[in-house]
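Protein sequences, first through last, are from chains A and B.
Per my numbering, residue 3 is the first one in the first sequence, and the count goes up by one each step.
Per my numbering, residue 50 is the first one in the second sequence, and the count goes up by one each step.
Glycine residues also receive a C-beta, built at the ideal position from the N, C-alpha and C atoms.
Nothing here was measured: the structure is a model prediction, and the numbers come from that model.
Below is one structure, written out as structure tokens, with a few remarks after it.
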Amino acid sequence: MSEATSDTSLTRAGQAAGAGGFKGFMRATEIDTRMLGMIGALLVIWIGFHILSGGTFLTPRNLWNLSVQTASVGVMATGMVLVIVTRNIDLSVGSILGVTGMIMAVAQTQYITPMLGFDSGFVWIATLLVGLLCGLLIGGLQGFVIAYLGVPAFIVTLGGLLVWRGAAWWVASGRTIPLTDDNFKLLGGGSDGSIGATWSWVVAAVAIVFIVFGALAARRQRQRFSFAQKPMWAEAFTLGISLIAVIGATMIVNSYLLPGPLARRYAEANAITVPEGGLEISFGYAVPVLLFIGVGIVMTFITRRTRFGRYVFAIGGNPEAAEPRRHQHQARHPDGLRADGHAGRGRGGNLHGPPVLGDQCARHARRGSTPSPPR
Amino acid sequence: MSTTMDSIADHGRAHHHSDVDRTGTPLIDMRDISIAFGGIHAVDQASIDLYKGEVVALLGHNGAGKSTLIKILSGAYKRDSGEIFVRGEKASIGNPRDAKAYGIETIYQTLALADNVDAAANLFLGREIMTSWGTLDDGAMEAEARKVMGRLNPNFRRFKEPVKALSGGQRQSVAIARAILFNAKILIMDEPTAALGPQETAQVADLIKELKKEDIGIFLISHDIHDVFDLSDRVVVMKNGQVVGSARTEDVTKDEVLGMIILGKCPPGATPGPGAMKE
């Protein structure tokens with residue numbers, strides 16, 4: 003019975019996926035409707051701004067700048083996902099970004115560069131390590147207080163918000179600190195910190211190879227367990243959309259050209275003769291954007307493919323499991339009997355309902371003893 | 050896993066209430082169990098047993114001792130005296146882990162599921178199937194999940210959705226499938242239908258029938274006497290920590306069982322226990 007049933011149910015599911023209409027289409031293409039909603043909202047915002055700004059919003063220059071500005075926020079967002087999924091919150095990310103940034107700046111200008119020398123290629127690595135270490139220590143401290151001392155994350159990180167903001171000011175003494183290391187400055191984007199048209203197309207090509215390879219691997223995986231395959235047209239549709247997105251994004255960043263003076267300086271630096279009608283040198287993808295994409299891929303892998311990520315999500319889905327360090331033999335029955343000693347799981351069991359018999363009362367018991375879902 | 054797979058093959062024999070084979074060694078035999086909290090004898094010399102493919106319902110008021118007795122079996126409480134035999138062998142159950150090792154699994158009323166992840170992830174939580182790369186093998190886990198769910202709840206389709214999107218009955222079947230994957234032979238179901246509507250209650254009834262086919266024994270704790278009569282092969286009634294009596298479900302009426310629960314009066318169809326009202 004078992005094998006036969008599951009097999010027929012699979013084929014039936016496959017047929018259902020072929021059903022028409024919007025719902026059938028969404029099921030066949032396996033697009034997350036929530037993501038579709040977010041993309042819709044983004045489009046509304048973009049087009050709205052484009053109209054309100056008199057047509058300056060959806061230009062290569064603006065989109066390129068936005069991509070650079072989004073990169074650092076995006077990197078923090080990947081970490082915030084894990085925090086929020088476990089039903090916590092981190093209010094202090096911005097302040098920690100500030101204080102680690104300031105520590106890195108001060109460390110580079112006052113200690114690392116004098117120590118390693120102005121031309122050293124290791125300055126940027128040392129600076130990054132200092133920043134990572136600081137972030138780790140601050141995060142570890144806040145995490146320790148939350149997980150082991152049982153202080154709610156909201157309180158701890160609200161304190162962190164104030165403390166680290168003040169610390170950032172204290173570290174820098176309120177000054178602006180100009181950075182000198184050219185390698186390090188690449189991380190911030192700008193005309194130097196962009197990879198140009200050719201390399202942008204290389205990145206796009208690599209991305210396309212990975213996307214196609216991923217789709218093939220997914221099909222092979224389904225074949226291995228004889229799951230229903232995505233219909234070919236749906237596969238082609240999602241693949242097509244992804245490829246158009248990659249190529250479109252690359253075309254946009256490549257059509258943002260270096261402004262005249264910068265292009266001339268670039269030409270002089272690289273001994274290029276300026277042709278008639280001026281130089282056309284593209285920015286291409288900015289380095290921070292590529293870093294963000296890399297971080298995004300790594301974090302996706304961690305959350306989707308590792309035990310750790312699975313447990314983070316699992317804990318977040320069970321409020322009792324998410325409660326830090328408090329799940330031993332606590333509940334006490336009103337009449338002094340120890341009730342519910344089972345690792346906090348038997349909550350709301352039959353011990354809490356009114357004494358009931360028969361039908362009428364059982365319905366009461368249902369209402370009385372059933373914990374409402376904590377949402 | 051393989052044993053439960055094999056056991057499907059022998060469901061040739063009919064499974065009706067009266068067809069439980071009670072001649073062999075019982076799956077579970079709890080004898081003269083007592084436990085006291087302070088001066089209160091929560092369970093006093095209680096004995097119950099459970100056979101393969103049988104559903105035994107435990108009934109009684111709140112504070113009658115049924116939950117305490119069953120928590121001794123699941124390892125949540127340590128008994129003061131008495132013995133537990135699992136498949137004829139004396140078992141030492143001191144904590145929930147011991148109970149699991151004997152194939153005793155509890156389905157909690159809250160189901161203890163991880164709401165954010167899908168059915169397969171819940172089934173394998175804590176013992177994920179990994180690829181040779183050391184990453185989660187979701188395909189393999191989903192394939193196993195489809196097999197088990199195909200047996201328990203053939204209509205179940207929603208493998209890709211987080212379990213919080215599922216109905217109460219579907220969630221129940223995920224929780225039970227999880228226990229079965231842990232090689233459970235004895236299931237303790239604490240108020241399995243308390244949070245469910247009528248349709249979902251029927252679904253749980255089907256689920257229990259499937260489990261019986263696989264020779265799994267079930268202790269059912271329920272307040273709903275209709276559920277008890279629909280689902281169980283035998284009823285055991287407790288009062289004030291003592292067993293009033295036990296009876297095959299078809300040998301007693303609902304009124305008689307209510308009499309056992311409220312008054313401790315043992316009807317002619319039941320075997321009286323130490324807690325039965327003396328005439």
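Taking residue i and residue j to be in contact with their CB atoms under 8 Å, please state how far apart those CB atoms are, rounded to whole angstroms.
| i | j | result |
| --- | --- | --- |
| F186/A | V108/A | Rounded, the Cβ-Cβ distance is 13 Å, inconsistent with contact. |
| V284/B | A296/B | 6 Å |
| F205/B | S222/B | 6 Å |
| V69/B | E103/B | 4 Å |
| I140/A | I98/A | 5 Å |
| A233/B | I265/B | 7 Å |
| I286/A | I197/A | Before going further, note that residue 286/A is Gly rather than Ile in the sequence given. With a Cβ gap of about 5 Å, G286/A and I197/A count as contacting. |
Please name the residue, chosen from the options, that lies closest to residue i on a Cα-to-Cα basis.
| i | options | result |
| --- | --- | --- |
| I267/B | M287/B, G87/B, I237/B and Q252/B | I237/B |
| R29/A | T240/A, G298/A and G319/A | T240/A |
| F294/A | G191/A, S228/A and T275/A | G191/A |
| D186/B | G199/B, A169/B and M198/B | A169/B |
| F303/A | V75/A, V211/A, T80/A and T252/A | T80/A |
| P145/B | G124/B, D164/B and E154/B | G124/B |
| W66/A | S202/A, P116/A, T111/A and M104/A | S202/A |
| F208/B | V77/A, F229/A and M104/A | F229/A |
| L269/B | H275/B, W182/B, P241/B and I178/B | P241/B |
| L134/A | G216/A, M78/A and W48/A | M78/A |
| E249/B | E132/B, N202/B, L312/B and K139/B | N202/B |
| T182/A | F227/A, Y113/A and I41/A | Y113/A |
| G131/B | L307/B, R80/B, G112/B and D300/B | R80/B |
Run through DSSP, which three-state label would residue i get?
| i | result |
| --- | --- |
| P211/B | strand |
| I178/B | coil |
| P321/A | helix |
| G324/B | coil |
| E32/A | coil |
| V301/B | coil |
| H52/A | helix |
| G338/A | With a pLDDT of 33 at G338/A, under the threshold of 50, the predicted position of this residue should be treated as unreliable, and no value is reported. |
| V330/B | Look at the range of chain B in this structure, 50 to 328, and you will see that residue 330/B is not part of it. |
| T155/B | strand |
| R136/B | coil |
| R80/B | strand |
| G183/B | coil |
| D264/B | coil |
| D279/B | helix |
| I274/A | coil |
| I410/A | In the structure as shown, chain A begins at 3 and stops at 377. Residue 410/A is therefore absent and cannot be evaluated. |
| V92/B | strand |
| S196/A | strand |
| D70/B | coil |
| S123/B | coil |
| I97/B | strand |
| C315/B | coil |
| Q231/A | coil |
| T206/A | A small fix is needed here, since residue 206/A is Ala in this sequence, not Thr. A206/A: helix per DSSP, three-state reduction. |
| S69/A | helix |
| D183/A | coil |
If you drop the 5 nearest sequence neighbours on each side, which residues of the same chain put their C-beta closer than 6 Å to that of residue i?
| i | result |
| --- | --- |
| L160/B | R220 and A224 |
| R334/A | Per-residue confidence for R334/A stands at a pLDDT of 33, beneath the threshold of 50, marking its modelled position as unreliable; the derived number appears in the next sentence. Same-chain partners within the cutoff: there are none. |
| T155/B | S123 and I237 |
| E282/A | L259 |
| I91/A | A155 and F156 |
| A148/B | S123, G124 and I142 |
| I274/B | K303 |
CB-CB under 7 Å to residue i, same chain, minus the five flanking residues each way: which ones, in chain order?
| i | result |
| --- | --- |
| G294/B | V286, M309, C315, A319, T320, P321, G322 and A325 |
| R71/B | Y100 |
| A91/B | I84, A85, G114, T117 and G290 |
| V101/A | W166, A169, A170 and V173 |
| L163/A | L93, S94 and S97 |
| I210/A | L245 and V248 |
Near residue i, which residues of its chain fall below 8 Å by C-beta distance, leaving aside the five closest residues on each side in sequence?
| i | result |
| --- | --- |
| D194/A | D184, K187 and L188 |
| V314/A | L84, V87, T88 and T305 |
Going by the DSSP bridge assignment, what does residue i pair with across the sheet?
| i | result |
| --- | --- |
| T80/A | Answer is none; T80/A lacks a bridge partner. |
| V285/B | L107/B and S295/B |
| S284/A | L259/A |
| F146/A | Paired residue(s): none; F146/A is not in a bridge. |
| A85/B | H90/B |
| I270/B | L107/B and D239/B |
| S130/B | S83/B |
Under 8 Å between C-beta atoms, does residue i make it to chain C?
| i | result |
| --- | --- |
| A316/A | Judged by its chain identifiers, the structure shown contains no chain C, and its protein chains are A and B. |
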